[in-house]
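Asker: The structure under discussion is supplied below as structure tokens; questions concerning it will follow.
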Amino acid sequence: AAMREERIKKTKTVCTYCGVGCSFDVWTKDREVLKVVPHAESPANGISTCVKGKFGWDYVNSKDRLTKPLIRKGEIFEEVEWDEAISYVAKRFNEIKVEKGADHLGFISSSKATNEESYLMQKLARQIIGTNNIDNCSRYCQTPATMGLFRTVGHGGDSGSISDIAKAELVITIGSNTAESHPVLASRIKRSHKLFNQKLFVFDLRKHEMAQRADRFYRPKPGSDLVWLSAVTKYILDQGWEDRKFLDEWVNSYEEYKQSLEPFTLEYASDLTGIPVDELKNVAEEIAKSETVSICWAMGITQHMRGSDTSTAISNLLLVTGNYMKPGAGAYPLRGHNNVQGCSDFGSMPNFFPGYEKTTDDEVRSRYEKAWGVELPAEFGKDNHQMIEAIHDGNLSSMFVIGEDTGIVDANINYVTDAFEKLDFFVVQDLFLTKTAEYADVVLPAAPSLEKDGTFTNTERRIQRLYKSLDPLPGAKPDWEILSLLAKEMGYDWGYEHPAEIMAESASLSPMFAGVTYDRLEGYNSLQWPVAQDGTDTPLLFTEGFPFEDKKARLYPLDFQLEYDTTDEYDLHVNNGRLLEHFHEGNMTYKSEGIARKTPNSFVEVSPELAKERGIEEGAQVKLISDAGSATGRVTITDRVSGKELFMPLNDNGKSAINFLTDNRVDKDSNTPAYKEIAVKMKILKKE
Ligand code: SF4
Numbered sequence: 086a087a088m089r090e091e092r093i094k095k096t097k098t099v100c101t102y103c104g105v106g107c108s109f110d111v112w113t114k115d116r117e118v119l120k121v122v123p124h125a126e127s128p129a130n131g132i133s134t135c136v137k138g139k140f141g142w143d144y145v146n147s148k149d150r151l152t153k154p155l156i157r158k159g160e161i162f163e164e165v166e167w168d169e170a171i172s173y174v175a176k177r178f179n180e181i182k183v184e185k186g187a188d189h190l191g192f193i194s195s196s197k198a199t200n201e202e203s204y205l206m207q208k209l210a211r212q213i214i215g216t217n218n219i220d221n222c223s224r225y226c227q228t229p230a231t232m233g234l235f236r237t238v239g240h241g242g243d244s245g246s247i248s249d250i251a252k253a254e255l256v257i258t259i260g261s262n263t264a265e266s267h268p269v270l271a272s273r274i275k276r277s278h279k280l281f282n283q284k285l286f287v288f289d290l291r292k293h294e295m296a297q298r299a300d301r302f303y304r305p306k307p308g309s310d311l312v313w314l315s316a317v318t319k320y321i322l323d324q325g326w327e328d329r330k331f332l333d334e335w336v337n338s339y340e341e342y343k344q345s346l347e348p349f350t351l352e353y354a355s356d357l358t359g360i361p362v363d364e365l366k367n368v369a370e371e372i373a374k375s376e377t378v379s380i381c382w383a384m385g386i387t388q389h390m391r392g393s394d395t396s397t398a399i400s401n402l403l404l405v406t407g408n409y410m411k412p413g414a415g416a417y418p419l420r421g422h423n424n425v426q427g428c429s430d431f432g433s434m435p436n437f438f439p440g441y442e443k444t445t446d447d448e449v450r451s452r453y454e455k456a457w458g459v460e461l462p463a464e465f466g467k468d469n470h471q472m473i474e475a476i477h478d479g480n481l482s483s484m485f486v487i488g489e490d491t492g493i494v495d496a497n498i499n500y501v502t503d504a505f506e507k508l509d510f511f512v513v514q515d516l517f518l519t520k521t522a523e524y525a526d527v528v529l530p531a532a533p534s535l536e537k538d539g540t541f542t543n544t545e546r547r548i549q550r551l552y553k554s555l556d557p558l559p560g561a562k563p564d565w566e567i568l569s570l571l572a573k574e575m576g577y578d579w580g581y582e583h584p585a586e587i588m589a590e591s592a593s594l595s596p597m598f599a600g601v602t603y604d605r606l607e608g609y610n611s612l613q614w615p616v617a618q619d620g621t622d623t624p625l626l627f628t629e630g631f632p633f634e635d636k637k638a639r640l641y642p643l644d645f646q647l648e649y650d651t652t653d654e655y656d657l658h659v660n661n662g663r664l665l666e667h668f669h670e671g672n673m674t675y676k677s678e679g680i681a682r683k684t685p686n687s688f689v690e691v692s693p694e695l696a697k698e699r700g701i702e703e704g705a706q707v708k709l710i711s712d713a714g715s716a717t718g719r720v721t722i723t724d725r726v727s728g729k730e731l732f733m734p735l736n737d738n739g740k741s742a743i744n745f746l747t748d749n750r751v752d753k754d755s756n757t758p759a760y761k762e763i764a765v766k767m768k769i770l771k772k773e
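Count the sequence shown with our numbering and you get residues 86 to 773, in order.
Set out below in structure tokens:
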């Protein structure tokens, strides 16, 4: 019995399934995950978790885990030892750098990996290769939100904590299926709504759970949110309902911005969005009279051709109404992946070193040059989207992708996988032989979060430690160890013994993380960035102004023209998003037996009116065709969607992936694919 007890272990970890960042104790016996127990001291979640955090862990023992490095020999992969794989990758990277130049290599970090691993991936790209071609999957989701906030308030993070949203008088969610995508955060809002009279307005195409609970629910036409946001802001100004004191004290560019609002009349907005003028007036009035307004948004805003501008419009509205610099108010872009915030924070971006310091800033660059002992490139590198285009144009020959199934999650699958086939040398590091890995020349077996130490940063900028619960599956290694081996083989012995040393190095170089240490993060302790040298952190992001020289935020003028619509031929709009039970492309959750059993298949939601018009019944098989490709699915008839709106989950394990339908259109300011602006026609394959 004593021996049995010894094998049972309790370790603190942080969930890998969404940006809420729930932390809990995971109980294990040898490699078996026995249970997950939330902890009252968990800062983001207290005693709550959702189905994924509680039950979604058996993928770590999936028989599909990779346990040997693979090298492509012709059409097949051969298993090799680590030494051989590492020296082969190092040799090929060096050759390509010498023959074609450093900018012929591109690097993609994983938003599921730790902050320390993101730091090392950008260090590898910049220090050893000498390129800024480094990015991460926030390019697919939240970069437009970061852009909108940078422009207006100077920091690309949530204004406060999740507990602050719960205090808001009015919560507005736009383009966010919060109950399924950020379940524990949604439950905080549901509680405040039910018990404390918090008002909830939901703007979304789909009548999901939060929409059903909301005091008001509106369905603006696809891609038109910028218009109602700007019209409501204009109306508030026209009525004199703005927060004049806040504007005078803390905000710049008022006159120029006010002029830019001229075209955004309520009538124009009503015309484009489909929301009646009186309703828009009423929304404006409710916002103006609420003491604190928090606006939460997600991919339903960002993944559009005007995603950055629409995020900017949200921030403009918050500024005009004085909804910054107080608890319960502010901007809450809800980060999707567990560490998508941290992956960008720690420098896996083509234009920023860690802590959002520009590569073009001489002072910043020379700080890193001194620490790393090399000269560094100043010019911004290529983002994910530009890397794929560069391959097609013959300007990028090699890629290294960590923990990202780019060949499924990037828009326009056929275009992306065609690019993979053109690469001279392609390395993928992952847990499984993903669709992307199938195109690789070398596949390196990585270890998941339960098998390593490190830190994650959740949506509220909260840095939390995770501790190793299990030894890595024999043959697999944590990403930070693999990157260190590769660096050493390429002549740079970084010498890290533990991720704590990586964080210490990053903290010494980046003012934003100056006071971050593993000691201060012990157990359930956490820090919200920026963190001063003395360890003071920042739960409320803006307290004494904004991070500009004059401490004033900027109102950012916007214009609008409708760039997306359905056509006579492609007459239906297909929306897409997460399901509660699954995560991202589904590589992990479909390998979790209980979850896969509960929600085994993808589907296409069709409105009752459209089903009637086309004579389709529940269970029919349909084929959706866009200008980029096609996907098939089984019909579910539901009033969650209305009229000519369709919905497909994005997590479908690659079976009928939504990204066969998406094309190359992107947000004009961030290159984020316009995943949510797809027009399709529907063919019925089988009526029922
Ligand atoms: Fe994990 Fe998010 Fe669920 Fe929390 S809400 S348990 S972080 S998936």
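Every residue gets a Cβ at the ideal spot worked out from N, C-alpha and C, and that includes glycine.
Taking only the alpha-carbon atoms, compute the straight-line gap between residue 767 and residue 718 and give it to the nearest angstrom.
Answerer: About 11 Å.
Asker: Measuring alpha carbon to alpha carbon, tell me which residue in 638, 161, 116 is nearest residue 95.
Answerer: Looking at the Cα atoms, 116 is the closest of the given residues.
Asker: Extract the residue ranges of the beta strand (DSSP E) inside the stretch 210–268, only unbroken runs of 3 or more that lie entirely within it.
Answerer: Listed in chain order, they are 255–259.
Asker: Residue 347 lies in the beta strand (DSSP E); which residues open and close that run?
Answerer: Segment: none, residue 347 is in no beta strand (DSSP E) and carries neither H nor E.
Asker: Please determine, among 235, 127, 186, 152, the residue with the shortest C-alpha to C-alpha distance to residue 549.
Answerer: Taking only the C-alpha atoms, the option nearest residue 549 is 127.
Asker: Run the proximity test for residue 97: is its beta-carbon closer than 6 Å to any non-hydrogen atom belonging to ligand 1?
Answerer: Checking the Cβ of residue 97 against ligand 1 gives no.
Asker: Grab the span of the alpha helix (DSSP H) containing residue 504 for me, first residue to last.
Answerer: Here the alpha helix (DSSP H) through residue 504 covers 498–507.
Asker: Pick helix, strand or coil for residue 87, following the three-state DSSP scheme.
Answerer: Unreliable placement is indicated for residue 87, whose pLDDT of 48 sits below 50; the coordinate value is still reported in the next sentence. Of the three classes helix, strand and coil, the one that applies to residue 87 here is helix, per DSSP.
Asker: Beta carbon of residue 418: closer than 6 Å to some heavy atom of ligand 1?
Answerer: It does not: the Cβ of residue 418 is nowhere closer than 6 Å to a heavy atom of ligand 1.
Asker: Give a yes or no on contact between the stretch 457–465 and the stretch 475–495, applying the rule of three or more CB pairs nearer than 8 Å.
Answerer: These segments do not touch.
Asker: Based on the DSSP secondary-structure assignment, which residues constitute the bridge partners of residue 301?
Answerer: Residue 301 is bridged to 286.
Asker: Going by DSSP in three states, residue 135 sits in which element: helix, strand or coil?
Answerer: DSSP places residue 135 in coil when its eight states are reduced to three.
Asker: Between which residues of its own chain and residue 742 is the CB-CB distance below 7 Å, once the five residues before and five after are set aside?
Answerer: Hits under 7 Å: 493, 498, 716.
Asker: Please classify residue 451 as buried or exposed, where buried requires at least 16 other C-beta atoms within 10 Å of its C-beta.
Answerer: By the 10 Å Cβ count, residue 451 comes out exposed.
Asker: CA-CA distance, residue 398 and residue 324?
Answerer: If you take the alpha carbons of residue 398 and residue 324, they lie about 19 Å apart.
Asker: For residue 300, which option in 713, 122, 288, 311 has the closest C-alpha, if you only look at C-alpha atoms?
Answerer: Considering only alpha carbons, the answer is 288.
Asker: Do residue 278 and residue 270 have their beta-carbon atoms positioned less than 7 Å apart in this structure?
Answerer: For residue 270 and residue 278, no; Cβs fall outside 7 Å.
Asker: Who are the Cβ neighbours of residue 735 in its own chain at under 7 Å, not counting the five residues just before and after it?
Answerer: Cβ neighbours of residue 735 beyond the five flanking positions: 661, 662, 663, 743.
Asker: With 16 as the cutoff for other CB atoms within 10 Å, does residue 440 come out buried or exposed?
Answerer: The residue in question, residue 440, is buried, as its Cβ has 16 or more Cβ neighbours within 10 Å.
Asker: Just to confirm, does residue 269 get its C-beta within under 6 Å of one of the non-hydrogen atoms of ligand 1?
Answerer: The answer is yes for residue 269.
Asker: Where does the unbroken alpha helix (DSSP H) through residue 426 begin, and where does it stop?
Answerer: Unbroken alpha helix (DSSP H) run through residue 426: 425–430.
Asker: According to DSSP, which residues form a beta bridge with residue 777?
Answerer: This structure does not reach residue 777, given that the chain is present from 86 up to 773, and the question cannot be answered.
Asker: Tell me the DSSP bridge mates of residue 122?
Answerer: Residue 122 pairs with 110.
Asker: Could you check where the beta strand (DSSP E) with residue 587 kicks off and where it finishes?
Answerer: Element bounds for residue 587: not the beta strand (DSSP E) but the alpha helix (DSSP H), 584–594.
Asker: Just verifying my parser: in three-state terms, what is the DSSP assignment at residue 392?
Answerer: Three-state result, residue 392: helix.
Asker: Report the three-state DSSP secondary structure of residue 616 (helix, strand or coil).
Answerer: Coil, per DSSP.
Asker: Nearest by alpha-carbon distance to residue 753: which of 639, 430, 648 is it?
Answerer: Closest by alpha carbon: 648.
Asker: If we count the other Cβ atoms within 10 Å of its Cβ and call it buried at 16 or more, is residue 341 buried or exposed?
Answerer: Exposed is the call here.
Asker: Quick test of the definition: if touching needs 3 or more C-beta pairs under 8 Å, does the stretch 546–563 touch the stretch 605–618?
Answerer: Flag = yes, the stretch 546–563 and the stretch 605–618 touch.
Asker: Name the DSSP bridge partner or partners of residue 657?
Answerer: According to DSSP, which records beta bridges pairwise, residue 657 is partnered with 765.
Asker: Mark residue 87 as exposed unless 16 or more other C-beta atoms lie within 10 angstroms of its C-beta, in which case mark it buried.
Answerer: Summary for residue 87: the model assigns pLDDT 48, below 50, so the residue's position carries little reliability; its value from the coordinates is reported in the next sentence. Residue 87 is exposed by the Cβ-count criterion.
Asker: Can you tell me which of the three DSSP states residue 759 falls into?
Answerer: In the structure shown, residue 759 sits in coil (DSSP, three-state: anything other than H, G, I, E or B).
Asker: Quick check: is any heavy atom of ligand 1 less than 6 Å from the C-beta of residue 421?
Answerer: False, no ligand heavy atom lies under 6 Å from that Cβ.
Asker: Write down the C-beta distance between residue 555 and residue 536 rounded to the nearest angstrom, noting that I regard them as a contact closer than 8 Å.
Answerer: At roughly 5 Å, the Cβ-Cβ gap stays under 8 Å, so residue 555 and residue 536 are in contact.
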